[in-house]
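Visitor:
Shown next as structure tokens:
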């Protein structure tokens, strides 16, 4: 949980001119191409449903240096690169940021733009249509975990295995359903979804970590939700993999195939866990990515 002030309140005091369209942010760091900076739309900042804020605490503690001490932007539902850390400067403008990192980071260029073309023609990077802001609907499996095994024998064929994970989305749009397939997407099973964010919404205004929790003031969904489904062991034993996909309330759904782009960003295709046979009646689950056991 973040503690801070709403950026909207600051904008109300600043009284932007009618021509204002964007809010620029610049950090106090000094990487190779100058201080990191970017921008978001002013109308988003002014929208209470977006809950864009300037934070100085995380889970009740003042921000650590790695997390942006003393002050950072928090822009929920949007690619993390817009939540500027070590915030030093805010500018209201009629055009998007001209910062080097706003141009050359967090972009999804058209799929036909090759690395060579992207390097040669910088105008691809400066087209605001290709800037990445709202996250796409996404889901993943975390249980069964990587290399976890299940034994199947005749005595417990009807027993089930709990398959679970998380789902998320951008723009504050709720994830409306999560589906699991054991036959590469030909048929699907509907999973149950838990929305922990709603429990804060139902609690009303409460004090926590030195601030007022105001989730009840909005209808937007800005946090992960968690899904689970029980699948019979005998069905898993004959399957080659477990596939999951999510769909939001706008009926936007995770695609089967990736959208190739030169930065490899925003790929939200189906998450797949392979099922390997480790013996006549033992199956093992293999994830496409592994957690870093050292942390991070």
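Residue numbers (full-length UniProt numbering): 1 to 296.
Backbone N, C-alpha and C define an ideal beta-carbon position, used for all residues, glycine too.
Because the structure is a prediction, the values reported are computed rather than measured.
1) Mind checking whether residue 108 and residue 261 have CB atoms under 7 Å apart?
2) Please report the Cβ distance between residue 137 and residue 253, rounded to the nearest whole angstrom; I am assuming they are in contact, meaning their Cβ atoms lie under 8 Å.
3) Taking CB distances under 7 Å as the criterion, tell me whether residue 287 reaches chain C.
4) Taking 6 Å as the limit between beta carbons, can you name the residues of its chain near residue 267, skipping five residues before and five after?
5) Given a cut-off of 7 Å, decide if residue 146 and residue 236 are closer than it, judged by their beta-carbon atoms.
6) Would you decide whether residue 276 is buried or exposed? Buried here means 16 or more other CB atoms lie within 10 Å of its CB.
7) So is residue 131 buried or exposed if we call it buried at 16+ other beta carbons inside 10 Å?
8) Using 8 Å as the threshold, is the region 227 to 244 in touch with the region 196 to 209, meaning 3 or more CB pairs across them?
9) Taking the straight line between their C-alpha atoms, what separation do you get for residue 50 and residue 171?
10) Leaving out the 5 sequence neighbours to the left and right, which residues in its chain are closer than 7 Å to residue 212 when beta-carbon positions are compared?
11) Report yes if the C-beta distance between residue 19 and residue 42 is below 7 Å; otherwise report no.
12) Below 6 Å CB to CB, which residues in the same chain sit around residue 128 once its five sequence neighbours on both sides are set aside?
13) With a Cβ-Cβ cutoff of 7 Å, do residue 60 and residue 285 count as a contact?
14) Quick one: Cα of residue 160 to Cα of residue 8, how far?
15) Out of 74, 11 and 220, which one is the CA nearest neighbour of residue 91?
16) Taking only the alpha-carbon atoms, compute the straight-line gap between residue 140 and residue 166 and give it to the nearest angstrom.
17) Per DSSP, what are the beta-bridge partners of residue 231 in this structure?
18) Please list the terminal residues of the continuous beta strand (DSSP E) segment that includes residue 198.
19) Tell me the DSSP secondary structure of residue 290 in three-state form.
20) Near residue 269, which residues of its chain fall below 7 Å by C-beta distance, leaving aside the five closest residues on each side in sequence?
21) Can you look up residue 132 in the DSSP assignment and give me helix, strand or coil?
22) Report the CB separation of residue 228 from residue 164 in whole angstroms; it is logged as a contact under 8 Å.
23) With a floor of 4 residues, list each alpha helix (DSSP H) that falls wholly inside the UniProt domain "Oxidoreductase molybdopterin-binding" (2 to 101), ordered by position along the chain.
24) Going by beta-carbon coordinates alone, are residue 282 and residue 187 separated by less than 7 Å?
25) Going by other Cβ atoms of all chains shown within 10 Å of its Cβ, with 16 needed for buried, is residue 222 buried or exposed?
26) Could you pull the start and end residues of the beta strand (DSSP E) that residue 277 belongs to?
27) If we call anything under 7 Å between Cβ atoms a contact, is residue 195 one with residue 216?
28) For the putative contact between residue 37 and residue 102, defined by C-beta atoms under 8 Å, what is the C-beta separation to the nearest angstrom?
29) Here's the rule: buried if 16 or more other CB atoms are within 10 angstroms of the residue's CB, otherwise exposed. What is residue 25?
30) Which residues bound the alpha helix (DSSP H) around residue 117?
Guide: Per the coordinate set shown:
1) In the chain shown, residue 108 corresponds to position 108, counting from 1. In the chain shown, residue 261 corresponds to position 261, counting from 1. Going by C-beta atoms, residue 108 is nearer than 7 Å to residue 261.
2) Locating residue 137 in the chain shown gives position 137, counting from the first residue. Locating residue 253 in the chain shown gives position 253, counting from the first residue. About 7 Å; that satisfies the 8 Å criterion.
3) No chain C is part of this structure, which consists of one protein chain only.
4) Here residue 267 refers to the residue found at position 267 of the chain shown. Closer than 6 Å at the Cβ level, and outside the excluded window around residue 267, lie 258.
5) Residue 236 sits at position 236 when you count from the first residue of the chain shown. Residue 146 sits at position 146 when you count from the first residue of the chain shown. No. Outside cutoff.
6) Reading the chain shown from its first residue, position 276 is the one you call residue 276. With fewer than 16 Cβ atoms within 10 Å of its Cβ, residue 276 is classed as exposed.
7) Numbered from 1 along the chain shown, position 131 holds the residue referred to as residue 131. Taking all protein chains in view, the Cβ of residue 131 is crowded by 16 or more other Cβ atoms within 10 Å, so the residue is classified as buried.
8) no
9) Mapped onto the chain shown, residue 50 falls at position 50. Mapped onto the chain shown, residue 171 falls at position 171. When rounded, the distance between both Cα atoms is 7 Å.
10) Mapped onto the chain shown, residue 212 falls at position 212. Closer than 7 Å at the Cβ level, and outside the excluded window around residue 212, lie 205.
11) For this step, residue 19 is matched to residue 19 along the chain shown. For this step, residue 42 is matched to residue 42 along the chain shown. No, these two residues do not count as a Cβ contact at 7 Å.
12) For the purposes of this step, residue 128 is taken as residue 128 along the chain shown, with counting starting at 1. If we look at residue 128 and ignore the five residues flanking it on each side, its Cβ neighbours are 96.
13) Translated into positions along the chain shown, residue 60 becomes position 60. Translated into positions along the chain shown, residue 285 becomes position 285. No. Outside cutoff.
14) Locating residue 160 in the chain shown gives position 160, where the first residue counts as 1. Locating residue 8 in the chain shown gives position 8, where the first residue counts as 1. Going by the C-alpha atoms only, they are around 49 Å apart.
15) Locating residue 91 in the chain shown gives position 91, counting from the first residue. Nearest C-alpha to residue 91: 11.
16) Position 140 of the chain shown, counted from the first residue, corresponds to residue 140. Position 166 of the chain shown, counted from the first residue, corresponds to residue 166. The alpha-carbon atoms of residue 140 and residue 166 are separated by roughly 6 Å.
17) Taking the first residue of the chain shown as 1, we reach residue 231 at position 231. Its beta-bridge partners are 161.
18) In the chain shown, counting from the first residue as 1, residue 198 sits at position 198. First-last for residue 198: 196 to 203, but that is the alpha helix (DSSP H), not the beta strand (DSSP E).
19) Here residue 290 corresponds to residue number 290 of the chain shown, with the count starting at 1. Three-state DSSP puts residue 290 in coil, outside helix and strand.
20) In the chain shown, counting from the first residue as 1, residue 269 sits at position 269. 254, 255, 256, 257 and 258.
21) Numbered from its first residue, the chain shown carries residue 132 at position 132. Residue 132 falls in the coil class under three-state DSSP.
22) On the chain shown, position 228 is the one that residue 228 refers to. On the chain shown, position 164 is the one that residue 164 refers to. Right, the Cβ-Cβ distance comes to about 4 Å (below 8 Å), so this counts as a contact.
23) 7 to 14 and 42 to 45
24) Position 282 of the chain shown holds residue 282. Position 187 of the chain shown holds residue 187. No, Cβ-Cβ distance for residue 282 and residue 187 is not below 7 Å.
25) Within the chain shown, numbered from 1, the residue matching residue 222 stands at position 222. The residue is buried, with at least 16 neighbouring Cβ atoms inside 10 Å.
26) In the chain shown, the residue the question calls residue 277 occupies position 277. Run containing residue 277: 271 to 279, per the beta strand (DSSP E) assignment.
27) Locating residue 195 in the chain shown gives position 195, counting from the first residue. Locating residue 216 in the chain shown gives position 216, counting from the first residue. Against a cut-off of 7 Å, the Cβ pair of residue 216 and residue 195 comes out as no contact.
28) Counted from its first residue, the chain shown places residue 37 at position 37. Counted from its first residue, the chain shown places residue 102 at position 102. Between residue 37 and residue 102, the beta carbon gap of about 6 Å places them in contact (Cβ cut-off 8 Å).
29) Taking the first residue of the chain shown as 1, we reach residue 25 at position 25. When all chains shown are included, residue 25 counts as buried.
30) Within the chain shown, numbered from 1, the residue matching residue 117 stands at position 117. Secondary structure note for residue 117: its alpha helix (DSSP H) is the uninterrupted segment 115 to 120.
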